[in-house]
Amino acid sequence: MSPPADSGTGPLAIELRGISKRFGAVRANRDIDLKVARGTIHGIVGENGAGKSTLMSILYGFYQADSGEVLINGKLVAIHDSSDAIAAGIGMVHQHFMLVDTFSVLENVMLGAEGNALLSHSAAAARKELQRLADEYQLSVHVDSLVSDLPVGEQQRTEILKALYRHAEILILDEPTGVLTPQEADQLFVVLNALKERGVTIILITHKLREIMDVTDTVSVLRMGEMVSHLNTRDTSMSELAELMVGRKLETRNYHRDEPLPADTANGIEVVDLGVVDKTGKARLKNLSFEVKRGEILGVAGVAGNGQSTLLEVLSGIQSPTSGHFIINGQQVSAEQPINPSQMRQLKVQHVPEDRLKLGLVKSFTAAESSVLGYQRADRFNLRGMLRLSTIRAACRRLMEGLDVRPADPNLRSASFSGGNQQKLILARELERQPEVLLVGQPTRGVDIGAIELIHEKIIEMRDKGCAILLVSVELDEIMSLADRIIVMYEGQVVAEVNGRDANKTQLGLMMANAHQDPAA
Amino acid sequence: MDALSGFFAILDATLRVSTPLILAAMAGLFSERSGIVDISLEGKMLASAFAAAAVAAVTGSAWLALGTGILVGIALALVHGFACITHRGNQVVSGLAINILASGLTVVLGIAWFAQGGQTPSLGSGARFMPLELPLAEAARSVPVIGPFYSDVISGHNVLVYVAWLAVFATWWVVYRTRFGLRIRAVGENPLAVDTAGLSVSRLRYCAVAICGALSGIAGTYLSTAQNASFVREMTAGQGYIALAALIFGKWRPVPAMLACLMFGFLDAVAIRMQGVSLPLIGEVPVQAIQALPYVLTVILLAGFIGRATAPKAVGIPFLKER
Chain C
99 MSPPADSGTG PLAIELRGIS KRFGAVRANR DIDLKVARGT IHGIVGENGA
149 GKSTLMSILY GFYQADSGEV LINGKLVAIH DSSDAIAAGI GMVHQHFMLV
199 DTFSVLENVM LGAEGNALLS HSAAAARKEL QRLADEYQLS VHVDSLVSDL
249 PVGEQQRTEI LKALYRHAEI LILDEPTGVL TPQEADQLFV VLNALKERGV
299 TIILITHKLR EIMDVTDTVS VLRMGEMVSH LNTRDTSMSE LAELMVGRKL
349 ETRNYHRDEP LPADTANGIE VVDLGVVDKT GKARLKNLSF EVKRGEILGV
399 AGVAGNGQST LLEVLSGIQS PTSGHFIING QQVSAEQPIN PSQMRQLKVQ
449 HVPEDRLKLG LVKSFTAAES SVLGYQRADR FNLRGMLRLS TIRAACRRLM
499 EGLDVRPADP NLRSASFSGG NQQKLILARE LERQPEVLLV GQPTRGVDIG
549 AIELIHEKII EMRDKGCAIL LVSVELDEIM SLADRIIVMY EGQVVAEVNG
599 RDANKTQLGL MMANAHQDPA A
Chain Y
1124 MDALSGFFAI LDATLRVSTP LILAAMAGLF SERSGIVDIS LEGKMLASAF
1174 AAAAVAAVTG SAWLALGTGI LVGIALALVH GFACITHRGN QVVSGLAINI
1224 LASGLTVVLG IAWFAQGGQT PSLGSGARFM PLELPLAEAA RSVPVIGPFY
1274 SDVISGHNVL VYVAWLAVFA TWWVVYRTRF GLRIRAVGEN PLAVDTAGLS
1324 VSRLRYCAVA ICGALSGIAG TYLSTAQNAS FVREMTAGQG YIALAALIFG
1374 KWRPVPAMLA CLMFGFLDAV AIRMQGVSLP LIGEVPVQAI QALPYVLTVI
1424 LLAGFIGRAT APKAVGIPFL KER
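Chain order of the listed sequences is C and Y.
Just so it is clear: in the first sequence, position 363 is 461 by this note's numbering, and no numbers are missing.
Just so it is clear: in the second sequence, position 73 is 1196 by this note's numbering, and no numbers are missing.
Shown next as structure tokens:
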């Protein structure tokens, strides 16, 4: 749509002309043009499912384009498989690493580029070359360690070394920082800049706009399979990129209610001295006490693994508490009076689980089947043990239309939907039951910007209907914009409580590390 | 000295009995390390045993028999490969089909060609692999312990027994010391990594499966032209499965797998020796109980003592490139 940005004066390393690719009815890539100058870092952004990975898979020979041309260094090349891509000087670091876990770093790097039929010869040569690469690009790895023993950052460096060992002049990185700690990500960017200085061309696929702004020279935006914009990074901004990705203006919303709830509002959840000790004897939750009023959102903040997951499982009836009790929608639950998730559902306590693929749906089920999980015994769907399939499908289609689940096809396998659409389907299923208490875990993990907005709106809508909502999330922005009150969990305990309106990130960050009461501060 | 020579006789039998197991286990190792489950070792051995015996009976040449046995093994392996690699079929089902096919076809063809109720004609010594006297075997006999061990246990086997030993070493060398071996191990662990490294997953797996076929072919040939002098219906009698068990036992590594085969072979040899022997306190043990012993032990050992066997990660999963 917009004219290609002037991507420097240098010769082009990559040029794509009119690339199109279809998967059945889905047009993953539509007539895509792309120019990347040699020795630059080019970012490609887009929402999940916009076609970024498909485009790069075509470039690496994983898929064949239905039409279009690929030019590398100005020469037309046909890339039928990975070996063609490697021969053309393209290396790829996949989102899920392509490493053999039981092999050492050395063996992984050699694989497919051994040179000699005897390993001893190839290993000696590879060892020397790896040392040289490590020195040149600050890519230090433990050459003889098993890959499975290495931290993720080092596994990623192994992937980069694999590409460089094959003399890659073009390096494609697919969502490289998704699995890295912030420190590892910084280290990666140092490496990428070093590579760029040596003339390597880098394509960085990501949905993290900050990274684009920090390290790229030029950037392209993909939306629903089409290239909508090519820009020089220094001429754009994060908000402009976000709008281009989503295709409309995004407002930062303040969802907080104007007036506080009346003081005598009834509690939806009341937790008293709740404790959970797991089978190994480790205390997961310690003396937890809090309440959630009807029409209130209580945000639970904390670094992942500080008891939030256990809290959700206990409140939804998956686990029983070992001490203390809680009253949820009028029903008391304790070690002596346990409850199961199905009874919870009848109590109008609905749960949108943290891990949607594990607890939310069954990947190999159709969307229609997943859309009745937990409710398959309801008379609506069940005729004396026989499923009423057409009713289920019709109900699923209604759910899909209600929350804009795409594609709205109840017969599609659950696994074929993007993360955001899976989440919308689960949310729709639970909201359909008009919950009076809603437990939500990580509602927007791995969900596109567009869908996040919709999910937030739905949660607010439930709040306004008088539902008591417990929201667990590792995204502080999410908690701060939605929650009326925020509790912070640390090692199974509530260490702080703040008002949602007054919360700020630094303060919450300190609380999450339990460093806010440091006497020296 | 009598106890010692008795013990040596058992060891001697152990080697003879475990040879087909070792060959089949090495065959399975190539296939499974490349990611293809192979329960059709049994069927491949059986078909090769029949083919070898039939060729030996007609031509009188043991070496021609061996060649035919290997070819038949490879042919069946390629059928398995075609089903599992090219068409991504279920590997257990394909293996079972081959076993059933071999079991039926050998008998049918045997009756049609030789009219001896499914057996092949008895082979003369020229058409079989006969025991070889190793150099110095007689001279060494006078040396205490080591001498008889060399002449009674090590020497005096047919050439295929020594081939089996060689196969273990060769398998180890190929799998751990060569480029091909590295690729085979990689393709059984993470075929996607192999594909993105620019190698063909199918080609590697076909190669592995073909080697598996050739080794099972040697194992089958051994049964009908070396250990015995004719093909008898169902003569593999589950040895393909025992070899598979030994492979799992040895955690898909050549030397441990061979040791497991030797253990099974030893139990078998002891069982043969114990028949009709009266034990103190117990008295004479029924033949059937002794014959069942190796299998009972297999079950116990497999269930309890193997520990965590980590199979090649991609074994049994068809490789599908497009998501």
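Virtual Cβ for every residue (Gly too), placed ideally from N, Cα, C.
In chain Y, what lies closer than 8 Å to residue 368 of chain C by C-beta? Correct list: empty, because the minimum Cβ distance to chain Y is about 46 Å.
Taking residue 1396 of chain Y as the query, report the chain C residues whose CB atoms sit under 9 Å from its CB, ordered along the chain. Those within 9 Å of residue 1396 of chain Y in chain C number zero; the least Cβ separation is about 41 Å.
Compare the C-beta of residue 515 of chain C against all C-beta atoms of chain Y and say whether one is closer than 8 Å. no
Test item: CB-CB of residue 202 of chain C and residue 244 of chain C under 8 Å: yes
Just to confirm, are residue 1333 of chain Y and residue 1201 of chain Y a CB contact at a threshold of 8 Å? yes
Run through chain Y and tell me which residues come within less than 7 Å of residue 200 of chain C, C-beta to C-beta. 1312
Residue 441 of chain C lies in the alpha helix (DSSP H); which residues open and close that run? 439-444
Output the boundary residues of the alpha helix (DSSP H) element that contains residue 140 of chain C. Here residue 140 of chain C belongs to no alpha helix (DSSP H); instead the beta strand (DSSP E) covers 139-143.
Considering only DSSP beta bridges, list what residue 367 of chain C is partnered with. C:390 and C:426
Would you verify that the beta carbon of residue 123 of chain C is, or is not, closer than 8 Å to some beta carbon of chain Y? no
Mind checking which residues open and close the alpha helix (DSSP H) that includes residue 182 of chain C? 180-185
Leaving out the 5 sequence neighbours to the left and right, which residues in its chain are closer than 7 Å to residue 119 of chain C when beta-carbon positions are compared? 126, 127, 152, 156, 161, 163 and 164
Where residue 470 of chain C falls, given that 16 or more other Cβ within 10 Å makes a residue buried: buried
Spatial neighbours of residue 1329 of chain Y within its chain, please: C-beta separation below 7 Å, excluding the five flanking residues on both sides. 1204 and 1208
Cβ-based burial, residue 117 of chain C [other Cβ within 10 Å; buried from 16]: buried
In the structure shown, what three-state DSSP assignment does residue 473 of chain C receive? coil
Name the DSSP bridge partner or partners of residue 270 of chain C? C:190 and C:301
Residue 453 of chain C, DSSP secondary structure in three states: coil
Where DSSP assigns a beta bridge to residue 448 of chain C, which residues make up the other side? C:536
Nearest CA to the CA of residue 138 of chain C: which residue from C:301, C:433, C:187 and C:178? C:301
Interface partners of residue 214 of chain C on chain Y, CB under 9 Å: 1302
Residue 592 of chain C bridges to which residues according to DSSP? C:587
For residue 1293 of chain Y, go through chain C and note every residue whose CB falls closer than 7 Å to its CB, in chain order. Going along chain C, no residue has its Cβ under 7 Å from residue 1293 of chain Y, so there is no contact; the nearest lies around 14 Å.
DSSP three-state assignment for residue 484 of chain C, whether helix, strand or coil: strand
Less than 8 Å between the C-beta atoms of residue 198 of chain C and residue 216 of chain C, yes or no? no
Measuring only between beta-carbons, confirm whether residue 118 of chain C sits less than 8 Å from chain Y. no
Return yes when the Cβ of residue 1297 of chain Y is within less than 8 Å of the Cβ of residue 1252 of chain Y, no when it is not. no
Would the beta-carbon of residue 610 of chain C be found less than 7 Å away from any heavy atom of the ligand HEM? Within the structure as shown, the ligand HEM is missing, as the structure has no ligands at all.
CB-CB length for residue 1384 of chain Y against residue 1144 of chain Y, believed under 8 Å: 4 Å
Going along the chain, which residues of its own chain have a beta-carbon closer than 6 Å to the beta-carbon of residue 317 of chain C, five neighbours each way excluded? 141, 310, 329 and 331
Residue 168 of chain C by DSSP, collapsed to three states: which one? strand
Can you find a C-beta in chain Y that's less than 8 Å from the C-beta of residue 227 of chain C? no
Measuring alpha carbon to alpha carbon, tell me which residue in C:589, C:340, C:585 and C:611 is nearest residue 600 of chain C. C:585
Using a Cβ cut-off of 8 Å (strictly closer), state whether residue 1321 of chain Y contacts chain C. yes
Identity of the residue in C:537, C:304, C:336 and C:352 nearest residue 390 of chain C by Cα: C:537
Could you pull the start and end residues of the beta strand (DSSP E) that residue 329 of chain C belongs to? 324-330
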